[in-house]
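Numbering (numbering that gives the first Met the number 0), first residue to last: 0 to 448.
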Amino acid sequence: MTTDCWGSVCESLRSDVGRDAYKNWIEPLRFQGFEGGVALFVAPTVFIGNWVSRNYSDKIRSLFAAEGKDIERLEFSTARTKAEPKRGVLAKSGSRLKTGSAKLPGASLDARFTFDSFVVGKPNELAHAAARRVAEGGPVTFNPLFLYGGVGLGKTHLMHAIAHEATRRDPDAKVLYLSAEQFMYKFVQALRFKDTMSFKELFRSVDLLMVDDVQFIAGKDSTQDEFFHTFNALIDQNKQIIISADRAPGEIDGLEERIKSRLQWGLVVDLHPTDYELRLGILQSKIEIQETHYPDVVIADGVLEFLAHRISTNVRVLEGALTRLFAFASLVGREVTLEVAQECLADVLRATDRKVTIDEIIRKVADHYNIRLADILSPRRARSIARPRQVAMFLAKKLTSKSLPEIGKRFGGRDHTTVIHAVKKIEELRSIDNQIAEDVELLRRMLEA
Ligand code: ADP
Ligand code: MG
Numbered sequence: 000m001t002t003d004c005w006g007s008v009c010e011s012l013r014s015d016v017g018r019d020a021y022k023n024w025i026e027p028l029r030f031q032g033f034e035g036g037v038a039l040f041v042a043p044t045v046f047i048g049n050w051v052s053r054n055y056s057d058k059i060r061s062l063f064a065a066e067g068k069d070i071e072r073l074e075f076s077t078a079r080t081k082a083e084p085k086r087g088v089l090a091k092s093g094s095r096l097k098t099g100s101a102k103l104p105g106a107s108l109d110a111r112f113t114f115d116s117f118v119v120g121k122p123n124e125l126a127h128a129a130a131r132r133v134a135e136g137g138p139v140t141f142n143p144l145f146l147y148g149g150v151g152l153g154k155t156h157l158m159h160a161i162a163h164e165a166t167r168r169d170p171d172a173k174v175l176y177l178s179a180e181q182f183m184y185k186f187v188q189a190l191r192f193k194d195t196m197s198f199k200e201l202f203r204s205v206d207l208l209m210v211d212d213v214q215f216i217a218g219k220d221s222t223q224d225e226f227f228h229t230f231n232a233l234i235d236q237n238k239q240i241i242i243s244a245d246r247a248p249g250e251i252d253g254l255e256e257r258i259k260s261r262l263q264w265g266l267v268v269d270l271h272p273t274d275y276e277l278r279l280g281i282l283q284s285k286i287e288i289q290e291t292h293y294p295d296v297v298i299a300d301g302v303l304e305f306l307a308h309r310i311s312t313n314v315r316v317l318e319g320a321l322t323r324l325f326a327f328a329s330l331v332g333r334e335v336t337l338e339v340a341q342e343c344l345a346d347v348l349r350a351t352d353r354k355v356t357i358d359e360i361i362r363k364v365a366d367h368y369n370i371r372l373a374d375i376l377s378p379r380r381a382r383s384i385a386r387p388r389q390v391a392m393f394l395a396k397k398l399t400s401k402s403l404p405e406i407g408k409r410f411g412g413r414d415h416t417t418v419i420h421a422v423k424k425i426e427e428l429r430s431i432d433n434q435i436a437e438d439v440e441l442l443r444r445m446l447e448a
């Protein structure tokens, strides 16, 4: 009788969520019946249970209600319990999700970190493409995939996205994601409990191994050793490995040479610092999420552009700023204007106010115009050198807090009136000469990035 009820819920779900989503998420579930106000399901993986819980529980509850069955919540457990603990695929145990199933070996996955929510731009397109390819499975083409880049540029996001996608495509795939720190912790525990056999077995039985922030094991010799053996065993079996770090393999001090060189066997791709366009794109996509929580908040024109321009360090900070803005705006019930944003984020803006130096400006300008640094500082007056020099002076005035005499001094001991003249000249040229306007804008962006 109860299964009949689930049958009709399924019917409605199929037309409601679409055939693909239905096949991926609903069909694999086994309905177990009701217990009190709880509908019990068995899901093939924690990830699927988690996903359904997050995305479909309201819908499923209301469909049950339409069948005359009022339930409070859904509960998912996984089919594979203690008998086969190693097959458990890792997933974030969302607050609503009670799996009560096997102890899972890896770290939890953030359900928000998917390919769908990852905004692609020039700085990360290669890393994204490589991650996609690996997630698709199929023949292993580059092994390992080594992703590196600064803090908050999306390494962890991409790795979780790979895990989600790989388990979606093949729910039986043994995907193991963990940080290098957790790898070490588990290894040390295994040593302590004299259980290195099952440690080895566990790591060598996965189809896809992801180790995040591998720089952590630099200098930790026995962990490195174990990592190296695990790594080799998996590569030999043609199992995909994905590694991330905050810098290139060759630059990780305290990492054994043999490991460094092994890490470079596959594909090494870096996530570049974000540029203005990517930051704006990320803000626009995050704003859609915030708007679902705070439907009444209005963000004035220009605010996102302002944030994308001013907060250039790291995407995490950018997201935090946006979250704070929305919370603030919903509390005080005001439209978020530029002034409100500046006031509300004063501390963040101050902290990320990057200090551009005159040296940097001179270097970038020389680079851009393909002239020598010494030429900029020299007395030469040829147009091909004088113009870039003026651009550099202009930028020094606009982007640093240095006084006119100070700037003059740094440009080969020139007078402050020369600097005034340069600033005026470039102001003027910018409005009539597109090329100059573009050069200045490009340089400004590069310097502020
Ligand atoms: P990392 O591991 O490189 O330090 P994370 O992957 O933890 O960085 O990213 C930090 C935050 O920024 C996360 O919330 C992540 O979702 C977000 N983020 C980073 N890059 C992007 C992107 N391209 N699109 C959307 N969100 C991003
Ligand atoms: Mg990370």
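Note that beta-carbon positions come from the ideal geometry of N, C-alpha and C, so glycine has one too.
Beta-carbon separation of residue i and residue j under 8 Å?
i, j, result
"Ala247", "Leu207", "no"
"Ile298", "Val335", "yes"
"Ser355", "Leu441", "Checking the displayed sequence, the identity of residue 355 turns out to be Val instead of Ser. Cβ atoms of Val355 and Leu441: not closer than 8 Å."
"Thr417", "Ile357", "no"
"Ile361", "Gln389", "no"
"Pro378", "Gly407", "no"
"Phe305", "Leu279", "no"
"Thr77", "Pro170", "no"
"Leu270", "Pro122", "yes"
"Val422", "Lys396", "yes"
"Leu394", "Arg444", "no"
"Phe63", "Ala38", "yes"
"Lys68", "Asp15", "no"
For residue i, which residues in the same chain have their Cβ closer than 6 Å to its Cβ, ignoring the five residues on either side in sequence?
i, result
"Arg315", "Gly151"
"Val451", "Past the boundaries of the shown model lies residue 451; the chain is included only from 0 to 448, so the question cannot be answered."
"Leu254", "Ala217"
"Met209", "Met158, Tyr176 and Ile241"
"Thr222", "Met183, Phe186 and Ile216"
"Phe227", "Ile258"
"His163", "Thr113"
"Tyr293", "Phe325 and Ser329"
"Ala436", "Arg429"
"Arg29", "Val41"
With 16 other CB atoms within 10 Å as the buried threshold, where does residue i fall?
i, result
"Gln236", "exposed"
"Asp212", "buried"
"His127", "buried"
"Gly148", "buried"
"Phe112", "buried"
"Asn433", "exposed"
"Ser56", "buried"
"Gln188", "exposed"
"Ile431", "exposed"
"Ala340", "buried"
"Glu225", "buried"
"Lys193", "exposed"
"Ala106", "buried"
"Asp300", "exposed"
"Gln283", "exposed"
"Ser61", "exposed"
Between which two residues does the beta strand (DSSP E) harbouring residue i extend?
i, result
"Gly32", "Arg29 to Glu34"
"Gln239", "Gln239 to Ala244"
"Phe145", "Leu144 to Gly148"
"Asp269", "Leu266 to Leu270"
"Glu74", "Arg72 to Thr77"
"Tyr184", "Not the beta strand (DSSP E): Tyr184 falls in the alpha helix (DSSP H), residues Ala179 to Arg191."
"Gly40", "Note on identity: in this sequence residue 40 is Phe, with Gly being the wrong assignment. From DSSP, the beta strand (DSSP E) with Phe40 extends over Val37 to Ala42."
"Val210", "Leu207 to Asp211"
Give every residue of the same chain whose Cβ lies closer than 8 Å to the Cβ of residue i, excluding the five residues on either side of it in the sequence, and list them in chain order.
i, result
"Leu144", "Ala129, Ala130, Val133, Gln239, Ile240, Ile241, Ile242, Gly265, Leu266 and Val268"
Excluding the 5 residues preceding and the 5 following residue i in the sequence, name in chain order all residues of the same chain whose CB lies nearer than 7 Å to its CB.
i, result
"Arg167", "Asn23"
"His308", "Tyr275"
"Phe117", "His127, Gly153, His156, Leu157 and Ala160"
"Thr98", "Summary for Thr98: the model assigns pLDDT 30, below 50, so the residue's position carries little reliability; its value from the coordinates is reported in the next sentence. These residues qualify, in order along the chain: Val45, Gly48, Phe75, Ser76, Thr77 and Ser92."
"Pro404", "His415"
"Met0", "Unreliable placement is indicated for Met0, whose pLDDT of 49 sits below 50; no coordinate value is reported for it."
"Leu376", "Phe410 and Gly411"
"Ala320", "Leu306, Ile310, Leu344 and Val347"
Would residue i count as contacting chain B if we go by Cβ distances under 8 Å?
i, result
"Arg168", "Absent from the structure: chain B. Only one protein chain is present."
Grab the span of the alpha helix (DSSP H) containing residue i for me, first residue to last.
i, result
"Tyr293", "Tyr293 -> no alpha helix (DSSP H), and no H or E assigned at all."
"Asp358", "Ile357 to Tyr368"
"Ser383", "Arg382 to Leu398"
"Phe325", "Val314 to Val331"
"Asp438", "Asn433 to Glu447"
"Leu201", "Thr195 to Arg203"
"Leu157", "Lys154 to Arg168"
"Thr222", "Asp220 to Asp235"
Is residue i close to ligand 3? I mean its beta-carbon at under 7 Å from any heavy atom of the ligand.
i, result
"Thr155", "Only ligand 1 and ligand 2 can be found as ligands here, which leaves ligand 3 out of the picture."
- prompt: Do three or more CB pairs link the segment 154-161 to the segment 194-204 at distances below 8 Å?
  reply: Cβ pair count under 8 Å is below three, so no.
Count Cβ pairs between the segment 168-178 and the segment 219-236 that sit closer than 8 Å; are there 3 or more? No: fewer than three Cβ pairs fall under 8 Å.
query = Does the segment 362-382 come close enough to the segment 326-333 to have 3 or more Cβ pairs within less than 8 Å?
reply = The segment 362-382 makes no contact with the segment 326-333: fewer than 3 CB pairs, one atom from each, lie closer than 8 Å.
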